[in-house]
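> I am attaching a structure below and will ask some questions about it afterwards.
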Amino acid sequence: MADVAGVLGRTAGGVVILLTLLAASLEALRGTRGLLLDPPPAALVTDLGQSEVDMTARIWIDSPRRREAVHALDGAVKAEEAAPTGAGVGLPYPTSQALLRDRNEEPHGDRPRRREAWPITGDEVPRPRSFVRKETRREWGSDHKAEERATRSSMP
50 MADVAGVLGR TAGGVVILLT LLAASLEALR GTRGLLLDPP PAALVTDLGQ
100 SEVDMTARIW IDSPRRREAV HALDGAVKAE EAAPTGAGVG LPYPTSQALL
150 RDRNEEPHGD RPRRREAWPI TGDEVPRPRS FVRKETRREW GSDHKAEERA
200 TRSSMP
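Next up, the structure:
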């Protein structure tokens with residue numbers, strides 16, 4: 050079990066849950082009609098995500114008929130689907146966090162007043178790009194981007 054913990058980089062509790070999940074999957078495959086027990090089915094963990102465990106199952110069937118092979122695969126997939134809940138193992142739902150900001154609010158460009166503001170390290174607070182652009186346009190005396198567009202459109 051220590052080798053598994055080292056490979057997975059998980060806590061001992063996580064390894065126990067993973068081994069329980071593998072045992073439940075193998076038991077579900079052994080009980081599926083149409084699958085051979087010799088050689089025995091195998092379940093391999095191929096990837097661990099935040100809210101899922103990707104597994105590959107190796108199963109063997111005796112019949113060369115496509116219809117029976119499809120039915121055996123269908124039974125194996127359904128058994129695999131029910132195995133974690135039958136063993137009492139639940140995986141977390143994927144979660145994400147989205148920060149939505151209204152750009153029309155007054156504190157949008159004022160970093161110290163925004164809730165997610167960057168920590169201020171010195172006396173000077175970095176100004177937002179939109180403020181710097183406005184000041185640059187005032188210094189130039191006009192909208193230099195509009196002038197560039199007009200110059201490009203007049204070129205042949």
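Going left to right, the sequence shown walks through residues 50 to 205 as this note's numbering numbers them.
All residues carry an ideal CB built from backbone N, CA and C; glycine is no exception.
Predicted model, so just to flag it, every value in this text is computed and none were measured.
1. Where does Arg107 sit, in a helix, a strand or coil, going by DSSP?
2. Give me the Cβ distance between Arg22 and Gly139, rounded to the nearest whole Å; I'm assuming they're in contact under 8 Å.
3. Going by other Cβ atoms of all chains shown within 10 Å of its Cβ, with 16 needed for buried, is Glu130 buried or exposed?
4. Kindly confirm or deny that the stretch 91 to 110 and the stretch 64 to 82 touch, where touching means at least three C-beta pairs closer than 8 Å.
5. Since Leu97 is in the beta strand (DSSP E), which residue starts that stretch and which ends it?
6. Considering only the alpha carbon of each residue, which of Met104, Ala132 and Gln146 lies closest to Arg79?
7. Distance, Cα to Cα, Lys183 vs Gln99?
8. Between the C-alpha atoms of Thr105 and Val181, what's the straight-line distance to the nearest angstrom?
9. Quick one: grab the DSSP three-state call for Val102.
10. Rounded to the nearest angstrom, what separates Asp96 and Val102 at their Cα positions?
11. Is any non-hydrogen atom of the ligand ADP found closer than 7 Å to the C-beta of Lys127, if you look at the structure I gave you?
12. For the alpha helix (DSSP H) that contains Pro133, what are its first and last residues?
In short, the structure shows the following:
1. Three-state result, Arg107: strand.
2. Not covered by the structure: residue 22. The range shown for the chain is 50 to 205.
3. In summary, Glu130 is exposed, with fewer than 16 beta-carbon neighbours lying within 10 Å of its beta-carbon over all protein chains present.
4. Contact between the stretch 91 to 110 and the stretch 64 to 82 is established, with three or more Cβ pairs separated by less than 8 Å.
5. Where Leu97 is concerned, the enclosing beta strand (DSSP E) stretches over Ala91 to Leu97.
6. Ranking the options by Cα distance to Arg79, first place goes to Ala132.
7. Put simply, the backbone Cα of Lys183 is about 43 Å away from that of Gln99.
8. One alpha carbon belongs to Thr105, the other to Val181, and they sit about 55 Å apart.
9. Strand.
10. Taking the straight line joining both Cα atoms gives about 6 Å.
11. This structure lacks the ligand ADP; in fact it carries no ligand of any kind.
12. The continuous alpha helix (DSSP H) containing Pro133 extends over residues Arg115 to Gly135.
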